[in-house]
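Asks: So for the sequence shown, the working numbering puts the first residue at 256; every next one is plus one.
Here you go, one structure.
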Amino acid sequence: MTDAASATVSTKGAQSRSPAQQHLADFLAHLIHERRLAANTAGNYARDIGTLIEFAGASALDTLQVHQIRRYVAQLHARGLDGRSIARMLSAWRGFYRYLARDRGFNANPCVGIRAPKSAKRLPHALSPDETSRLMNTGDEGNLALRDKAMFELFYSSGLRLAELTGLAPGDIDHADGTVRVTGKGGKTRVVPVGRYALAAVKAWLAPRSEISRRGETALFVNRNGGRLGPRAVQLRLKQWALKSGLHAAVHPHMLRHSFASHVLQSSGDLRAVQEMLGHASISTTQVYTQLDFQHLAKVYDAAHPRARRKHR
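So this is what it looks like as structure tokens:
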């Protein structure tokens, strides 16, 4: 039922609807008028539930069994849908059946307990060391350029999260020890090393910061009006720097964190140290970077090994 989105709350054509289509139209009316969901959201429900009705064919919705839903899931997977898309679809189906049980007297929800296939983990994109160097050496002159350079150097030098960076105060940087004290998720504090380029960039920013910042402002990074710089502004500034440096990738703050993690792991191989510096509660979160590291090693192997994937002449 690919045109399910059009069969929403209108009573037009109700005479020609099948029972399943009528149930869907009633459910969409419930979503829009009772739950006050947006029309676009209701349209997404319509498409997902329309797929269920398409699979069911001549079978009545109240006769579908768990094994049939599992078969439909397998068919979706065979069509190339990933786990996230199937999980979203199953969620819509479960919600539909809950409505049917409550308002239409259905006795069972055949979608309960069925899980979508696991999606393959998407590897975070990291800049190469050369790309990172190009990015850091880009920018205009002036106080705001000094601020931006300090921000981006800190991102890459210490693997900070965006909220961690915007939450910093000048006193969080220990220039003597070359460290930064960071308050991460759950209010947990950690101390992370800061490289010499980042320390120099922060030091260069502190003088203009004292001139720009409002009286009593505690933020290390402030906007042109002297108030704390917000996360969205950091994202936009980084995007502008990336465009000026000629980087074609959609560079965002988290990408600098990924780049930090992958480059440190490639050089050191110390997964536990990277976990501590990133502030990950579980090492399983950090292990994604071992896959990035393997990709790097595989490229080196292919380029250097005399019997690696060489082209035949």
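Glycine is no exception: its CB is placed at the ideal position from the N, C-alpha and C atoms.
Remember, it's a predicted structure, so these values are computed and weren't measured experimentally.
Got a sec, what are the start and stop residues for the beta strand (DSSP E) V457 sits in?
Replies: Note, V457: premise wrong, no beta strand (DSSP E); alpha helix (DSSP H) at R451 to I467.
Asks: With a CB to CB cut of under 6 Å and the five nearest residues on each side skipped, what residues in its chain are close to V446?
Replies: Result list for V446: T434 and R436, in chain order.
Asks: Under three-state DSSP, which class holds T421?
Replies: In this structure, T421 counts as helix in the three-state DSSP scheme.
Asks: Could you give the C-beta distance for P365 and Q330, rounded to a whole number, given that I count them as a contact under 8 Å?
Replies: The Cβ separation is near 15 Å, so there is no contact.
Asks: Using DSSP's beta-bridge definition, name the partner residues of D429.
Replies: In DSSP, D429 forms a bridge with T434.
Asks: Take R339 as the anchor and find which of E309, A371 and L415 has the nearest alpha-carbon.
Replies: Considering only alpha carbons, the answer is A371.
Asks: Strictly by DSSP, which residues pair up with R445?
Replies: DSSP, once it has assigned bridges, lists V437 as partnering R445.
Asks: According to DSSP, V328 sits in a beta bridge with which residue or residues?
Replies: According to DSSP, which records beta bridges pairwise, V328 is partnered with nothing at all.
Asks: Would you mind reading off the limits of the alpha helix (DSSP H) that contains I308?
Replies: Element bounds for I308: A294 to A311.
Asks: Can you check the segment 481 to 518 for any beta strand (DSSP E) of at least 3 residues that lies completely inside it and give the ranges in chain order?
Replies: Within the segment 481 to 518, no complete beta strand (DSSP E) run reaches 3 residues.
Asks: Would DSSP call V367 helix, strand or coil?
Replies: Three-state DSSP puts V367 in coil, outside helix and strand.
Asks: Tell me the rounded alpha-carbon separation between I324 and A516.
Replies: Looking at the two C-alpha atoms, the distance is approximately 41 Å.
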